[in-house]
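Heads up: the structure comes next, in structure tokens.
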Ligand code: PMP
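Listed below in structure tokens is the structure:
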């Protein structure tokens, strides 16, 4: 367990961090070492998180909020304690601004249905960029289709960046909301979200930031960014699957109709009329993912002891090392070279299908992702059906990079 406080972060120790993640030292078949480079899809979990889930079921399992017995109080403490941690982690103004969701996708759908849809009229515009994950495209298409609004797309440059100028030029008097990734899952591009938010606000346009890829790699302060909505998933942040968080500015959330109806989101129910609970519970209908929240809180507690700036520097060194070595592999082309990008490398190899690259690397214990990365419009933009993607996290090391490069050299030899 990591007990250091945020104000007193220990030096970044990649070796020790790696040891905190049991799956990373578990050999694969035939005793092969695992090089896990699929972190943009999901991250591994430290023992602290695994134990928090186990502890919850062993020692605290009960429903939250509705009972006064000891176990229910424990469960409620775990559930609400994790919310308090989220307030600190994201820099939110209060607990009312943190809503538990099933993850990033769920958070975006909530905002699309409850914030955007009631405001959208025929001809209105929803701004997205060309590099968005399907989760930050399709919910807006659904809202647009229901209201006669349309999506306006900010183009991606050849290096994978999205410029401030391109963003500003697509804002218009019809823009109702702008929806932008903080970091691209497919390319690693870091978007200048603070500047984009400022430009959108200058025109009275609120901004939703998809933070799924950002939270594990940089410190995020939603109030410093002045984001109106910020969404994330616990599983990309060394936490469990099935839970995430939506940050929303209180005044915007107060003004939104409810999402789903059911237990916990009401104040009183009668057949004459039902009244809603206060924030954030108004948006949390039904028995929530309590064990998930307990483990989510443990992930944040774990991260509290880790300096995210040092994590970013460590990942950047691995990125540079891998990028330099990949430049020497015949027929390999990296897609996405934006300055200051995060530690994700998307690439293609002449004459080799991305899935074959993935399969061959897997044979030597190197786990990468291949496919469209839920960003089909972006693949179309670069004229490829799929890429192979290696994505790094704080527990990766030089051995992982060496295994990746060795595997790619052997792919090049086989197909060369
Ligand atoms: N946006 C981005 C940028 C992502 O990387 C992902 C996950 N790959 C999502 C949204 C969707 O997250 P989830 O599946 O956890 O809802």
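Residue numbers (the working numbering): 44 to 459. Heads up, the beta-carbon is just placed ideally off N, CA and C, and yes, glycines get one too. What you are looking at is a predicted structure, and each value in this text was computed from that prediction instead of being measured.
With 16 as the cutoff for other CB atoms within 10 Å, does residue 256 come out buried or exposed? buried
Segment limits, beta strand (DSSP E) that includes residue 253: 250 to 253
Look up residue 322 in the DSSP assignment and say whether it is helix, strand or coil. coil
Mind checking who residue 290 pairs with in its DSSP beta bridge? 141 and 273
Where are the beta strand (DSSP E) runs, 3 residues long or more, that stay fully inside the stretch 189 to 269, in chain order? 193 to 197, 218 to 224 and 250 to 253
Please decide whether residue 82 counts as near chain D, where near means a Cβ-Cβ distance under 8 Å. Absence of chain D from the displayed structure is noted, only one protein chain being present.
Since residue 81 sits in a beta bridge, which residues does DSSP pair it with? 434
Measuring CA to CA, which of 203, 332, 167 and 439 is closest to residue 100? 332
Own chain partners of residue 189 with C-beta closer than 7 Å, once the 5 adjacent residues on each side are dropped: 160
For ligand 1, is there any heavy atom lying closer than 7 Å to the beta carbon of residue 110? no
Residues in its own chain within less than 6 Å of residue 122 by CB, not counting five upstream and five downstream? 107, 333 and 336
Can we count residue 148 as close to ligand 1, meaning its CB is less than 7 Å from some heavy atom? yes
Closest Cα partner of residue 55 within the set 357, 168, 310 and 399: 357
Go through its chain and collect everything with a Cβ distance to residue 292's Cβ below 6 Å, but skip five positions before and after it. 271
Beta-carbon spacing of residue 350, residue 374 below 8 Å: no
Within the present structure, is the beta-carbon of residue 341 separated from the nearest heavy atom of ligand 1 by less than 7 Å? no
How would you label residue 276, buried or exposed, when you count the other beta carbons within 10 angstroms and need 16 or more for buried? buried
Per DSSP, residue 414 is paired with what? 430
Residue 185 to residue 194, Cα distance in whole Å? 10 Å
Measuring alpha carbon to alpha carbon, tell me which residue in 424, 402, 79 and 345 is nearest residue 128. 345
Return yes when the Cβ of residue 348 is within less than 8 Å of the Cβ of residue 328, no when it is not. no
Work out the CA separation of residue 95 and residue 103 for me, nearest whole Å. 11 Å
Alpha carbon to alpha carbon, how far is residue 215 from residue 246? 8 Å
For residue 369, write down the residues that DSSP places opposite it in a beta bridge. For residue 369, which the question treats as bridged, DSSP gives no partner whatsoever.
Sub-8 Å separation of residue 274 and residue 298 beta-carbons: no
Assumed close pair residue 250, residue 243 - CB separation to whole angstroms, cut-off 8 Å: 5 Å
May I ask you to check if the CB of residue 179 is nearer than 7 Å to at least one heavy atom of ligand 1? yes
In the DSSP assignment, find the unbroken alpha helix (DSSP H) run with residue 458 in it and report its ends. 441 to 458
Output yes or no for whether 8 Å exceeds the beta carbon distance between residue 167 and residue 192. yes
Can we count residue 118 as close to ligand 1, meaning its CB is less than 7 Å from some heavy atom? no
Quick check on the burial criterion: 16 or more other C-beta atoms within 10 angstroms. Buried or exposed for residue 229? buried
Comparing the CB of residue 81 with every heavy atom of ligand 1, is any distance shorter than 7 Å? no
Apply the 10 Å Cβ neighbour rule to residue 202 and answer buried if 16 or more other Cβ atoms are within range, or exposed otherwise. exposed
Quick check: is any heavy atom of ligand 1 less than 7 Å from the C-beta of residue 212? no
Is any heavy atom in ligand 1 found nearer than 7 Å to the beta carbon of residue 381? no
Output yes or no for whether 8 Å exceeds the beta carbon distance between residue 401 and residue 389. no
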